[in-house]
Amino acid sequence: VGKQAASFQEEDSEGLNLGITGHTYVAESGKVIASGKFSVYNEHFETLVCLSFNPQSTLVATGSMDTTAKLWNIQNGEEVCTLRGHSGEVISLSFNTSGDRIITGSFDHTVVVWDADTGRKVHILIGHCAEISSALFNWDCSLILTGSMDKTCMLWDATNGKCVATLTGHDDEILDSCFDYTGKLIATASADGTARIFSAATRKCIAKLEGHEGEISKISFNPQGNRLLTGSSDKTARIWDAQTGQCLQVLEGHTDEIFSCTFNYKGNIVITGSKDNTCRIWR
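Residue numbers are given in the UniProt record's numbering: position 18 of the sequence shown equals residue 18, and the series is strictly consecutive.
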């Protein structure tokens with residue numbers, strides 16, 4: 001990883017007034033090979049902020065500034081249910097690996113665990129004192145990790161909804177957080193320009209990642225768990241050693257903030273998305 005292999009750019013963008021527009025690209029060339037729209041029958045009243053597919057690819061969940069989340073049947077585009085209960089916009093949502101639970105994080109400072117089959121509330125996670133920025137399960141669905149603008153991350157027991165640990169150390173808002181695939185490591189990204197790696201077992205910080213010249217908006221592990229990827233407002237992405245916190249590569253080329261980045265399933269390719277209206281693939 002390190003050399004740019006392709007760049008995707010969208011010249012014209014359609015609004016979300018009828019649904020979710022998507023394009024399929026060839027990873028080698030960056031060319032569009034298919035384009036389509038997932039239409040919905042009953043829209044949100046405000047802007048869509050986030051979406052997530054369930055592991056079975058039968059449902060897609062959407063979160064909105066209208067304070068609700070909705071579940072949609074992928075085959076026919078029909079609404080399955082509306083998840084109501086937040087008083088602020090839904091900024092993050094994620095299914096567990098079995099697909100029977102979904103969590104929503106909101107600007108109302110709370111996270112709600114829902115039964116994905118019935119739309120019923122299972123737990124309300126109350127503890128953060130500012131807006132939620134991220135919320136996700138670990139791989140075995142035993143823990144929930146939440147990140148907040150209050151500069152902390154919290155770990156919750158997914159079974160009873162109780163907080164088991166608070167991860168501190170950042171000097172500014174937490175903008176993203178994640179588990180590695182084993183659930184043994186936790187990574188946090190902050191507006192203070194640093195990222196941190198914590199042990200999920202001891203809840204101790206084991207590495208601090210420094211080098212970006214702007215806030216870090218996205219962070220993710222590779223599937224092997226030995227590398228971390230960060231995207232920043234300084235227009236660069238960085239690859240780090242997850243054990244030592246050493247920066248291994250700086251990916252430069254975007255002309256505006258990077259707001260999304262991830263590894264492929266093999267961990268040998270990185271894709272970055274930027275406010276410069278391009279996505280780039282790095283090998």
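Ideal placement from N, C-alpha and C gives every residue a C-beta, glycine not left out.
Can you tell me which residues form a DSSP beta bridge with S134? Translated into positions along the sequence shown, residue 134 becomes position 134. Answer is G147, bridged to S134.
Once the 5 residues before and after D172 are set aside, which same chain residues still bring their CB inside 6 Å of it? Counting from 1 along the sequence shown, the entry for residue 172 is found at position 172. Here the set comprises S190, A191, D192.
Could you check what DSSP says for N277 in three-state terms: helix, strand or coil? Position 277 of the sequence shown holds residue 277. It is coil, neither helix nor strand.
Please state whether DSSP places R84 in a helix, a strand or coil. Here residue 84 is taken as the residue at index 84 of the sequence shown, counted from 1. R84: coil per DSSP, three-state reduction.
Which full runs of the alpha helix (DSSP H) of 4+ residues lie inside the segment 50-83, going along the chain? none
Output the distance between the C-alpha atoms of S134 and S177, rounded to the nearest integer angstrom. If you number the sequence shown from 1, residue 134 lands on position 134. If you number the sequence shown from 1, residue 177 lands on position 177. Cα to Cα, the separation comes out at about 6 Å.
Euclidean distance between Cα positions of V60 and A165: Your numbering for residue 60 matches position 60 in the sequence shown. Your numbering for residue 165 matches position 165 in the sequence shown. Approximately 30 Å, taken between the alpha carbons.
CB-CB under 7 Å to K275, same chain, minus the five flanking residues each way: which ones, in chain order? Position 275 of the sequence shown, counted from the start, is the residue given in the question as residue 275. Only D256, E257, F259 meet the Cβ criterion.
Under a Cβ-count criterion, where at least 16 other Cβ atoms within 10 Å of its own Cβ denotes burial, should F45 be classed as buried or exposed? In the sequence shown, residue 45 corresponds to position 45, counting from 1. It is exposed - the Cβ of F45 has fewer than 16 other Cβ atoms within 10 Å.
Mapping the DSSP letters down to three states, classify Q249 as helix, strand or coil. Locating residue 249 in the sequence shown gives position 249, counting from the first residue. Three-state result, Q249: strand.
Rounded to whole angstroms, what is the Cα-Cα separation between G161 and L93? Sequence index remark: in the sequence shown, residue 161 carries index 161 (1-based). Sequence index remark: in the sequence shown, residue 93 carries index 93 (1-based). Using only the alpha carbons, I get a separation of about 16 Å.
Please go through the same chain and pick out, in chain order, the residues whose beta-carbon is closer than 8 Å to the beta-carbon of Y41, but skip the five residues on each side of it. Sequence index remark: in the sequence shown, residue 41 carries index 41 (1-based). Its pLDDT being 43, under 50, Y41 is placed unreliably by the model, and nothing is read from it.
Quickly, what does DSSP pair H123 with across the bridge? List them, please. As a working mapping, residue 123 is identified with position 123 in the sequence shown. V113, per the DSSP bridge assignment.
In the DSSP output, which residue or residues are listed as bridge partners for L93? One-based indexing of the sequence shown puts residue 93 at position 93. Answer is T104.
Extent of the continuous beta strand (DSSP E) run through A158: Start at 1 with the first residue of the sequence shown, and residue 158 comes out as number 158. Here A158 belongs to no beta strand (DSSP E), and DSSP marks it neither H nor E.
Between which two residues does the beta strand (DSSP E) holding C163 run? Translated into positions along the sequence shown, residue 163 becomes position 163. 163-167 is the extent of the beta strand (DSSP E) around C163.
May I have the straight-line CA-CA distance separating R196 from G88, to the nearest angstrom? Here residue 196 is taken as the residue at index 196 of the sequence shown, counted from 1. Here residue 88 is taken as the residue at index 88 of the sequence shown, counted from 1. So the two alpha carbons sit approximately 28 Å from each other.
Contacting residues, own chain, Cβ-Cβ under 6 Å from C261 (five flanking each side not counted): By one-based count along the sequence shown, residue 261 stands at place 261. Correct list, in chain order: K218, L229, G231, A237, T272.
Could you spell out the range, first to last residue, of the beta strand (DSSP E) harbouring W240? Counting from 1 along the sequence shown, the entry for residue 240 is found at position 240. First-last of the beta strand (DSSP E) with W240: 237-241.
Mind checking F179: buried by the 16 CB within 10 Å criterion, or exposed? Here residue 179 refers to the residue found at position 179 of the sequence shown. With 16 or more neighbouring CB atoms inside 10 Å of its own CB, F179 falls in the buried class.
With DSSP run on the structure shown, which of helix, strand or coil describes N195? For this step, residue 195 is matched to residue 195 along the sequence shown. One detail in the question is off: residue 195 reads as Ala in this sequence, not Asn. Correct three-state label for A195: strand.
Less than 8 Å between C-beta atoms, sequence neighbours within five positions excluded: which residues of the same chain meet that for T97? Indexing the sequence shown from 1 puts residue 97 at position 97. Closer than 8 Å at Cβ, skipping near neighbours: P55, F137, W139, D140, C141.
If you follow the beta strand (DSSP E) that S232 is in, where does it begin and where does it stop? Here the question's residue 232 lines up with position 232 in the sequence shown. Per DSSP, S232 belongs to the beta strand (DSSP E) from 227-232.
Excluding the 5 residues flanking S220 on each side, which residues of the same chain have their C-beta closer than 6 Å to its C-beta? Position 220 of the sequence shown holds residue 220. Cβ neighbours of S220 beyond the five flanking positions: C178, L229, T262.
Buried or exposed for R120, going by 16 or more other Cβ atoms inside 10 Å? Against the sequence shown, residue 120 aligns to sequence position 120. So R120 counts as exposed.
Count the other CB atoms, across all protein chains shown, that sit within 10 Å of the CB of V101; report buried if there are 16 or more and exposed otherwise. Residue mapping note: residue 101 aligns to position 101 of the sequence shown, counting from 1. In the sequence as displayed, the identity of residue 101 is Arg instead of Val. Result: buried.
Give a yes or no on whether the C-beta atoms belonging to T118 and H86 are separated by under 8 Å. Counting from 1 along the sequence shown, the entry for residue 118 is found at position 118. Counting from 1 along the sequence shown, the entry for residue 86 is found at position 86. No. Outside cutoff.
Whole angstroms are fine: how far does the CA of S106 sit from the CA of E43? Translated into positions along the sequence shown, residue 43 becomes position 43. Translated into positions along the sequence shown, residue 106 becomes position 106. E43 and S106: Cα-Cα distance of roughly 19 Å.
If you compare alpha carbons, which of H170, I174, L175, G147 is closest to C163? Sequence index remark: in the sequence shown, residue 163 carries index 163 (1-based). Closest by alpha carbon: G147.
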